[in-house]
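Take a look at the structure set out below.
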Amino acid sequence: MHSSEEWSDDKALQFEHRNLVTFVTHRYQHLWDVKSIAEFQAVFIDLVECHHRAYITGRVLHRDLSENNLMMRRDDDGQVKGVLNDWDLSSKINETGNVPTSDAKHRTGTLPFLALDLLRTKPEHHLYRHDLESFLYVLLWAGLHYRLDGEKNPYPNKAVQGWMNSDFTAAISSKQSLLAFAWEINQLLGAFTPEFKPLAETWGRPLLNLFKAAYRDKDDNEGDESWDKETMGGHLTFEKFMEALKSKPRSWD
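Residue 88 in the UniProt record's numbering sits at position 88 of the sequence shown, and the numbers go up by one each step.
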């Protein structure tokens, strides 16, 4: 799998300044270390809510969601909690809720989990909805590879091999088809591991249908400057994402 990096079409762009910081923390575990579907769901919801809380309250957008950065910890009582790790490619957002132009020049993320719009030759500015799309791809990846025994299938499932193509062409084609055609959705969900089959219909299909509707709406409104690009016509918001997961957001007040 390609490591996290900033993908840029402009070789002349300078690297952003980075500070090295060391933290001493609890021992975290990988997302594939969950022992049950219930644990996976609890961790995944924690991660989606943590990410949204950082965006709304901390004014930070992660921009590099992947199976390696979505982690968990197990408390002494055995309860699991999601831990969103690796914020080195994150960006502060401005007063309009967008990534500043200087940061937005860079295509940022881990290739298999990049949003479709960010794979294009001239990618859009990195938006909150692009991270929501990365959450979708992590969920699908988990369903295709995780076994609930601390292990995962070592080779990428053929349904998502195109996501790995570093020239982006195959990745664009694969994700476009997935988000456009019902038979592609059926084929991918049918390839879930036996352990993750319960999530195929309860989480996988509702989320895929949500993004499918969003991209269809985008095509239908091509050229309409008044159409809301940030949420794709109101389809891709935290609230809509949580609704597809059948989960009520917790109150932080």
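Virtual Cβ for every residue (Gly too), placed ideally from N, Cα, C.
Rounded separation between residue i and residue j - CA only
i    : j    : result
S174 : E151 : 26 Å
D46  : G82  : 5 Å
E201 : L245 : 11 Å
K122 : H52  : 26 Å
A38  : D224 : 42 Å
A104 : E124 : Confidence in A104 is poor, its pLDDT being 48 and thus under 50, which makes the residue's placement unreliable; the coordinate value appears in the next sentence. When rounded, the distance between both Cα atoms is 8 Å.
H62  : K92  : 9 Å
S66  : P156 : 14 Å
V24  : P194 : 37 Å
D76  : Q161 : 38 Å
A182 : A170 : 19 Å
F192 : S251 : 33 Å
G190 : L114 : 23 Å
L58  : C50  : According to the sequence displayed, residue 58 carries Gly and not Leu. One C-alpha to the other measures close to 10 Å.
Chain-order list of residues whose beta-carbon lies under 7 Å from that of residue i (same chain, five-residue window excluded)
i    : result
T231 : R129 and T237
D149 : none
Close beta carbons around residue i, own chain, < 6 Å, minus the five adjacent residues each side
i    : result
R74  : V80
N69  : N85 and D86
P198 : I37
N153 : H145
D218 : In the sequence as displayed, the identity of residue 218 is Lys instead of Asp. Result list for K218: M232, in chain order.
Which residues DSSP lists as bridging residue i, in chain order
i    : result
Q41  : Beta-bridge pairing links Q41 to no other residue.
S91  : L61
Y146 : K152
Q187 : Partner(s): none; Q187 has no beta bridge.
G78  : According to DSSP, which records beta bridges pairwise, G78 is partnered with nothing at all.
H30  : M71
V83  : M71
Sequence-distant residues of the same chain with beta carbon closer than 8 Å to residue i, five excluded per side
i    : result
L116 : E133, I172, K175, Q176, L179 and Y215
L207 : L136, L139, F241, A244 and L245
K248 : M242
Q29  : M71, M72, R73 and R74
Given residue i as reference, the closest of the options once Cα atoms are compared
i           : options                  : result
residue 295 : A42, V24, D167 and N186  : Nothing can be reported for residue 295, as the shown portion of the chain is limited to 1 through 253.
L127        : E222, K229 and K212      : K229
residue 255 : S166, N94 and G190       : Examination of residue 255 is not possible in this model, given that the chain is present from 1 through 253 alone.
I56         : K218, N209 and N98       : N98
N186        : A159, W163 and L114      : A159
E95         : F181, D88, V60 and F192  : V60
L89         : E49, C50, G78 and D131   : D131
F168        : G109, R27 and W141       : G109
M164        : F44, N19 and W141        : W141
K212        : S226, L118, V21 and E184 : E184
Supposed close pair residue i, residue j - CB separation, criterion 8 Å
i    : j    : result
F196 : G234 : Their Cβ separation, rounded to whole angstroms, is 30 Å, which puts F196 and G234 out of contact at 8 Å.
V34  : F40  : 4 Å
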